[in-house]
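Engineer:
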Amino acid sequence: MRLSKLAGGIVESPTLALNEEARLLRERGEAVINLGIGEPRNKTPLAAILASSAKLTSGEVKYTTPDGLPSLKKAVIHYTEENYNRLVSPENVIITNGAKQSLFNIMYSILNPQDEVIVIAPYWVSYREIIKMCMGKPVVVSPEDGTFIPRFEEIKKAVTPSTRAIIVNSPNNPSGVIYPPELIEKLVALCENKSIYMVCDDIYHKLTFDNHRAVPAFHFTKNDIENSHIIVVNGVAKLYGMTGFRVGWVIASRQLVRVMANVTAQTTSGVSPVGQAAAEGALNGLQSVVDALRLQIQNNRDILLQELKSFSGVRLIEPQGTFYALPDMRAFNQNSVEVSRFLLEKARVVTVPGKEFGMEGHIRISYSGSVKDVTEGLERIKWALDPNSPNEIYIGDKRMIRDWS
Ligand code: PLP
Numbered sequence: 007m008r009l010s011k012l013a014g015g016i017v018e019s020p021t022l023a024l025n026e027e028a029r030l031l032r033e034r035g036e037a038v039i040n041l042g043i044g045e046p047r048n049k050t051p052l053a054a055i056l057a058s059s060a061k062l063t064s065g066e067v068k069y070t071t072p073d074g075l076p077s078l079k080k081a082v083i084h085y086t087e088e089n090y091n092r093l094v095s096p097e098n099v100i101i102t103n104g105a106k107q108s109l110f111n112i113m114y115s116i117l118n119p120q121d122e123v124i125v126i127a128p129y130w131v132s133y134r135e136i137i138k139m140c141m142g143k144p145v146v147v148s149p150e151d152g153t154f155i156p157r158f159e160e161i162k163k164a165v166t167p168s169t170r171a172i173i174v175n176s177p178n179n180p181s182g183v184i185y186p187p188e189l190i191e192k193l194v195a196l197c198e199n200k201s202i203y204m205v206c207d208d209i210y211h212k213l214t215f216d217n218h219r220a221v222p223a224f225h226f227t228k229n230d231i232e233n234s235h236i237i238v239v240n241g242v243a244k245l246y247g248m249t250g251f252r253v254g255w256v257i258a259s260r261q262l263v264r265v266m267a268n269v270t271a272q273t274t275s276g277v278s279p280v281g282q283a284a285a286e287g288a289l290n291g292l293q294s295v296v297d298a299l300r301l302q303i304q305n306n307r308d309i310l311l312q313e314l315k316s317f318s319g320v321r322l323i324e325p326q327g328t329f330y331a332l333p334d335m336r337a338f339n340q341n342s343v344e345v346s347r348f349l350l351e352k353a354r355v356v357t358v359p360g361k362e363f364g365m366e367g368h369i370r371i372s373y374s375g376s377v378k379d380v381t382e383g384l385e386r387i388k389w390a391l392d393p394n395s396p397n398e399i400y401i402g403d404k405r406m407i408r409d410w411s
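Take the sequence shown: its position 184, counting from 1, is numbered 190 in my numbering, and each next residue is one higher.
#1: Based on DSSP bridge pairs, tell me the residues matched to residue 368.
#2: Verify whether the separation of the beta carbon atoms of residue 58 and residue 243 is less than 8 angstroms.
#3: By how many angstroms is the C-alpha of residue 239 removed from the C-alpha of residue 115?
#4: Using only alpha-carbon positions, find the residue among 296, 398, 286 that is nearest to residue 76.
#5: According to the Cβ coordinates, are residue 213 and residue 363 closer than 8 angstroms?
#6: Could you check whether residue 220 and residue 184 sit closer than 8 angstroms to each other, using their CB atoms as the reference points?
#7: Please name the residue or residues paired with residue 254 in a DSSP beta bridge.
#8: Suppose the cutoff is 6 angstroms on Cβ atoms and the five residues either side in sequence are ignored; what does the same chain contact list for residue 208 look like?
#9: Among all residues, which have a Cβ less than 6 angstroms from at least one non-hydrogen atom of the ligand PLP, and in what chain order do they fall?
#10: Starting from the Cα of residue 111, find the closest Cα among 83, 136, 168 and give me that residue.
#11: Let's test the definition: count the other Cβ atoms within 10 Å of the Cβ of residue 281 and tell me whether it reaches 16, buried, or not, exposed.
#12: When you compare only the Cα positions, how much space is there between residue 215 and residue 302?
#13: Would you mind stating whether residue 369 and residue 360 have Cβ atoms separated by less than 8 angstroms?
#14: Three-state secondary structure (DSSP) at residue 220?
#15: In whole angstroms, what is the alpha-carbon distance linking residue 86 and residue 224?
#16: Please say whether residue 202 and residue 172 have beta carbons closer to each other than 8 angstroms?
#17: By DSSP, does residue 459 sit in helix, in strand, or in coil?
#18: Could you check the C-alpha separation between residue 107 and residue 386 for me, to the nearest Å?
#19: With C-beta atoms as the reference, is residue 380 less than 8 angstroms away from residue 309?
#20: Tell me whether residue 316 is buried or exposed, calling it buried when 16 or more other Cβ atoms sit within 10 Å of its Cβ.
#21: Compute the Euclidean distance between the alpha carbons of residue 147 and residue 89, then round it to the nearest angstrom.
#22: Would DSSP call residue 406 helix, strand or coil?
#23: What did DSSP end up calling residue 187 once you bin it into helix, strand or coil?
#24: Check each candidate in 17, 39, 12, 13 and name the one with the smallest Cα separation from residue 25.
#25: Please check the pair residue 54 and residue 291, which I expect to be a contact at CB under 8 angstroms, by giving their CB distance rounded to whole angstroms.
#26: Going by beta-carbon coordinates alone, are residue 100 and residue 335 separated by less than 8 angstroms?
#27: Using the Cα positions of residue 94 and residue 200, report the straight-line distance between them to the nearest angstrom.
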């Protein structure tokens, strides 16, 4: 079969593939624990359920304008003013099918073939593929070994006349680190000086622990949205654990939003009004649900830290946000794909190889699930890898003995 070179070059989403593998194993009766996917287990907030049910029962489920329902835009504007201290007009907002489509539409709208986009490692798996789909070139900047925050000078060095954007994701998937405000400030200045877009993927910006906070890029510019090079991406998936509703949004200049609206109009025609109503309900509803989710995830993070403390050989940079940790497993094996495969085979635990995020030797562990999954999953990982841990364990109702070293 003849396929396009462009589409043929796009790799499968490793997290979704692993998720499917875990599902198939579970179907066969295996006691699989999925620490691969980043998806909170909370129920949809009531305000979102009520708003989307009302939309459904109205029977008025029709096309919306491609850039989104005005009432949802209003809620997004309010959210942006409250959280970013920025005045935004409806023409600066576009609603998308999740933050993933936000990123795709941005790249499609700003890149010419071979334009470069700087991606900071460790990075979310989809950035590189999205850039490639839009015929751009991802340019990866990696931090020094043992750190997850690249030096500003390294990023600056990667800028060329072909650079169109830098993607900044803080709190970061997969490491959970928050970039220091000084780095954000310098990046804002760099982007403004060089007329480069700074694409801030803020999807985890409310999921921060202890007293850590991700300072928004807008904080460091006096320019208004029309004149700034900052583009903000956000959505309801991680904020409210509403992954399946597929609602995200972009805050950008009017000109860029107009172009993205045309792209949307010719591709998806916009987001389902049922999903949009749910997002509106969540944004206008009680925000204590966000805090409750954050505290539950922070508790999971603390359990993970506790479990990893007694794990000889594992090195971890403490996550300050998101629901991921990216421990360094090189003491066991340099090859993260082999580590993840081994853990699935022996311990029936799904993790994601760090190689996928540009951080070989590490694995990503998601602690977005239940306390039981996090505790038991880490016990199993320790059992499989750490010769100092007890060599017997129950996986489901099977008693397992570690007979390898
Ligand atoms: N950006 C990052 C960093 C993510 O981790 C994810 C999802 O895992 C997304 C964007 C996509 O979010 P959505 O589900 O809204 O498309």
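Even for Gly, the Cβ is constructed at its ideal location relative to N, Cα and C. Because the structure is a prediction, the values reported are computed rather than measured.
Structural biologist: Working from what's here:
#1: DSSP output for residue 368 lists 334 as bridge partner(s).
#2: Not a contact, by the Cβ cut-off of 8 angstroms.
#3: Cα to Cα, the separation comes out at about 14 angstroms.
#4: Measuring from the Cα of residue 76, the nearest candidate turns out to be 286.
#5: Their beta carbons are not under 8 angstroms apart, which means residue 213 does not touch residue 363 by this criterion.
#6: The answer is yes: Cβ separation under 8 angstroms.
#7: In the DSSP output, where bridge partners are listed per residue, residue 254 has 102, 241.
#8: Same-chain partners within the cutoff: 238, 240.
#9: The filter returns 44, 104, 105, 106, 130, 175, 179, 207, 209, 241, 243, 249, 254, in chain order.
#10: Selected option, being the one with the closest Cα: 136.
#11: With 16 or more other CB atoms across the displayed protein chains lying within 10 angstroms of its CB, residue 281 is buried.
#12: When rounded, the distance between both Cα atoms is 10 angstroms.
#13: Going by C-beta atoms, residue 369 is nearer than 8 angstroms to residue 360.
#14: Secondary structure at residue 220: coil, using DSSP grouped into helix, strand and coil.
#15: Residue 86 and residue 224: Cα-Cα distance of roughly 11 angstroms.
#16: Closer than 8 angstroms, so yes.
#17: Residue 459 is absent from the structure shown; the chain starts at 7 and stops at 411.
#18: One C-alpha to the other measures close to 36 angstroms.
#19: For residue 380 and residue 309, yes; Cβs fall inside 8 angstroms.
#20: With fewer than 16 neighbouring CB atoms inside 10 Å of its own CB, residue 316 falls in the exposed class.
#21: In this structure, the CA atom of residue 147 is about 29 angstroms from the CA atom of residue 89.
#22: Looking at residue 406 - three-state DSSP - the assignment turns out to be strand.
#23: Secondary structure of residue 187 (DSSP, three-state): helix.
#24: Nearest of 17, 39, 12, 13 to residue 25, Cα basis: 39.
#25: Between residue 291 and residue 54 the Cβ distance is about 7 angstroms, and since that is below 8 angstroms, they are a contact.
#26: No, Cβ-Cβ distance for residue 100 and residue 335 is not below 8 angstroms.
#27: The alpha-carbon atoms of residue 94 and residue 200 are separated by roughly 24 angstroms.
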